[in-house]
Amino acid sequence: MALKATIYKAMVNVADLDRNQFLDSNLTLARHPSETQERMMLRLLAWIKYANERLQFTRGLSAEDEPEIWQRNDHMGIDLWIDLGLPEEKRLKKACSQSAEVALFTYNSRAAEIWWQQNQNKLRQYPNLSIWYLDDEQLAKLCEFGTRSMNLQATIQDGAIWLSDAENNLEIHFTAWQHH
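For reference, each letter of the sequence shown is one residue, going 5 to 184 in our numbering.
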């Protein structure tokens, strides 16, 4: 019998002072049985960083031809493609050709640093690709927010994300490995 995804609900209030974007969203995250808590919470944080009313979670791990999160336009084109992990250059090349903007969120320090050393020269040729890295320590703290029913406040200013709920406060800084 196939394992079912675990459903997480997140009420998120985003005040993005860098992009002048303010919104309240009720998000549903389906955590695939093979997905770690860290990866799911990074997926949520990626959504927060690029928060927009049109930004949607896709089928994720069960759809190889789709990103984790995307923002489609009225013509069904892709304005923003967001992926997680350490994909092959071929996947990023395809994403960059299909979408106006691509953002990759990397994590898992040792593997990510090796991946970046091996791929950075090839990836620099894609002007619409941003690569964000989150270190293990910040990711572990982010996971403290990961409950089945989350109520989060996120303020973004000068690239930093201030995340809080009833019990926790966290200041998150991504490292921009590549930013257009």
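By construction, the Cβ of each residue, glycine as well, lies at the ideal position given by its N, Cα and C atoms.
- Query: When DSSP labels each residue in this structure, what does Lys-98 get in the three-state scheme?
  - Reply: For this step, residue 98 is matched to residue 94 along the sequence shown. Of the three classes helix, strand and coil, the one that applies to Lys-98 here is helix, per DSSP.
- Would you check if the segment 40-55 and the segment 107-127 touch, i.e. whether three or more CB-CB distances between them fall below 8 Å? Touching, yes, given that three or more Cβ pairs across the two stretches are closer than 8 Å.
- Item | Test item: CB-CB of Phe-27 and Tyr-12 under 7 Å | Taking the sequence shown and counting its residues from 1, the one referred to as residue 27 is at position 23. Taking the sequence shown and counting its residues from 1, the one referred to as residue 12 is at position 8. According to the sequence shown, residue 27 is Leu rather than Phe. Between Leu-27 and Tyr-12, the C-beta gap is not smaller than 7 Å, which leaves the two residues out of contact.
- Message: Between which residues of its own chain and Ala-99 is the CB-CB distance below 6 Å, once the five residues before and five after are set aside?
- Response: Start at 1 with the first residue of the sequence shown, and residue 99 comes out as number 95. Closer than 6 Å at the Cβ level, and outside the excluded window around Ala-99, lie Trp-85, Val-106.
- Comparing alpha-carbon positions, which option in Trp-181, Pro-71, Met-15 lies nearest Gln-121? Here residue 121 refers to the residue found at position 117 when the sequence shown is read from its first residue. The candidate whose alpha carbon is nearest that of Gln-121 is Trp-181.
- Task: Count the C-beta pairs between the segment 128-136 and the segment 159-167 that are closer than 8 Å, then say yes if the count reaches three, no if not.
- Result: No, they do not touch.
- By Cβ distance, which residues of its chain are closer than 8 Å to Arg-152, with the 5 residues on each side in sequence left out? By one-based count along the sequence shown, residue 152 stands at place 148. Cβ-Cβ distances below 8 Å link Arg-152 to Thr-10, Ile-11, Tyr-12, Lys-13 in the same chain, with the five nearest sequence neighbours on each side left out; the list follows chain order.
- Query: In angstroms, rounded to a whole number, what distance separates the CA positions of Asn-77 and Phe-61?
  - Reply: On the sequence shown, position 73 is the one that residue 77 refers to. On the sequence shown, position 57 is the one that residue 61 refers to. C-alpha of Asn-77 to C-alpha of Phe-61: approximately 15 Å in a straight line.
- Query: Under a three-way DSSP split, which group does Glu-117 fall into?
  - Reply: Locating residue 117 in the sequence shown gives position 113, counting from the first residue. Glu-117 falls in the helix class under three-state DSSP.
- Item | Given Leu-2 as reference, the closest of Ser-101, Leu-127, Gln-129, Trp-166 once Cα atoms are compared | Since the first and last residues shown for the chain are 5 and 184, residue 2 lies out of range.
- Is there a Cβ from chain C that is less than 7 Å from the Cβ of Gln-161? Given the protein chain composition of this structure (a single chain), no chain C is represented.
- Task: For my contact list, Asn-56 and Gln-25 are in at a C-beta cut-off of 8 Å; report their separation, rounded to the angstrom.
- Result: What you label residue 56 is simply residue 52 of the sequence shown in a count that begins at 1. What you label residue 25 is simply residue 21 of the sequence shown in a count that begins at 1. With 8 Å as the limit, Asn-56 and Gln-25 qualify as a contact, their Cβ atoms being about 7 Å apart.
- Item | Counted within 10 angstroms of its Cβ, other Cβ atoms place Asp-87 as buried (16 or more) or exposed | For the purposes of this step, residue 87 is taken as residue 83 along the sequence shown, with counting starting at 1. Label assigned to Asp-87: buried.
- Message: Give me, in chain order, the residues of the same chain whose beta-carbon lies closer than 6 Å to that of Glu-72; leave out the 5 immediate sequence neighbours on both sides.
- Response: Numbered from 1 along the sequence shown, position 68 holds the residue referred to as residue 72. Counting only Cβ-Cβ distances below 6 Å, and skipping sequence neighbours, we find Arg-47, Gly-64, Ile-86, Asp-87, Leu-88.
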